[in-house]
Amino acid sequence: MTKQDIAVSRVSRAHARRLRDNLLKTKAVSTARRNINDVKSVLSLVIREYDLNINNPFTRLEFPKPNDAAVELRASLPTDVIVSMYGELSQNQTLHDIWTLLHHSGAQSAEVLGLTVDDLQLTDPIPYFEVKPLGLRTVKDRSRIRKIPLVGKAFDVAMRLAVETAPGKQLFPQYADTLNSPT
0 MTKQDIAVSR VSRAHARRLR DNLLKTKAVS TARRNINDVK SVLSLVIREY
50 DLNINNPFTR LEFPKPNDAA VELRASLPTD VIVSMYGELS QNQTLHDIWT
100 LLHHSGAQSA EVLGLTVDDL QLTDPIPYFE VKPLGLRTVK DRSRIRKIPL
150 VGKAFDVAMR LAVETAPGKQ LFPQYADTLN SPT
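Following numbering that gives the first Met the number 0, the numbering of the sequence shown begins with 0 at its first residue and continues without gaps.
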């Protein structure tokens with residue numbers, strides 16, 4: 000396929016399908032879908048900003064169903080990697096605390112790094128932290144809003160951090176994304 004410059008108004012559904020098919024030759028379905036969504040977003044912006052009276056040819060482009068469920072593609076970290084992480088981070092209490100919360104809660108890094116002391120609910124029968132939109136912090140997918148139990152070492156870390164952190168403040172301010180988290 001040769002590269003060519005064409006006017007946005009001349010980009011067709013055939014171009015969209017050809018790009019999708021070429022991406023699928025070398026990429027997973029989920030990656031190809033993300034790439035197409037990026038292109039679709041850029042075209043939507045151009046169409047809107049330049050008041051073009053055209054449809055976005057990338058809208059509702061069909062993709063094959065992935066062969067494997069996404070959950071089946073996720074492999075657990077080997078025990079030696081987990082143990083090694085604790086050893087490597089033992090000299091940095093903050094990173095050690097972050098790793099402990101990640102390891103023992105299964106939360107994503109952004110969820111842990113954006114925590115405030117007010118997110119910790121440590122006196123409930125089952126202590127937890129809550130992942131929810133707060134201030135400027137958003138939650139990308141509604142299914143990500145949840146209560147994550149704090150047990151074992153994660154509970155111990157959360158208790159210490161709750162004592163050390165002023166009300167309303169972030170647990171890890173040096174690692175929190177200030178654009179997406181309250182200050």
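For each residue, glycine too, the CB sits at the ideal point set by N, CA and C.
Where the alpha helix (DSSP H) through residue i begins and ends
i	result
Glu87	78–87
Arg33	28–48
Asp4	Asp4 -> no alpha helix (DSSP H), and no H or E assigned at all.
Which of helix, strand or coil DSSP assigns to residue i
i	result
Leu114	coil
Leu119	strand
Val10	coil
Leu135	Legend: pLDDT at Leu135 = 45, less than 50; position of this residue unreliable, value from coordinates given subsequently. It is coil, neither helix nor strand.
Gln92	helix
Residue span of the beta strand (DSSP E) that contains residue i, given as start and end
i	result
Val156	Unbroken run through Val156 is the alpha helix (DSSP H), 151–163; no beta strand (DSSP E).
Ile147	145–148
Glu215	What the structure shows of the chain is the stretch from 0 to 182, and residue 215 is not part of that stretch, so it cannot be assessed.
Distance, residue j Cα to residue i Cα
i	j	result
Gln169	Lys146	18 Å
Ala184	Leu100	There is no way to answer for residue 184, as the model of the chain reaches only from 0 to 182.
Val150	Pro126	7 Å
Lys189	His103	What the structure shows of the chain is the stretch from 0 to 182, and residue 189 is not part of that stretch, so it cannot be assessed.
Ser75	Ser108	16 Å
Gln120	Val130	11 Å
Pro65	Ser29	8 Å
Asp118	Phe154	13 Å
Ser8	His14	12 Å
Sub-8 Å separation of residue i and residue j beta-carbons
i	j	result
Arg12	Pro56	yes
Leu60	Ile97	no
Val10	Leu51	no
Ala225	Leu22	Outside the displayed range of the chain (0 to 182) lies residue 225, so it cannot be described from this structure.
Residue i versus the options, residue with shortest Cα-Cα distance
i	options	result
Glu92	His14, Arg159, Leu22	It is worth fixing the name first, because residue 92 is Gln in this sequence and not Glu. Of the listed residues, the one whose Cα sits closest to Gln92 is Arg159.
Tyr49	Ala6, Asn21, Gly167	Ala6
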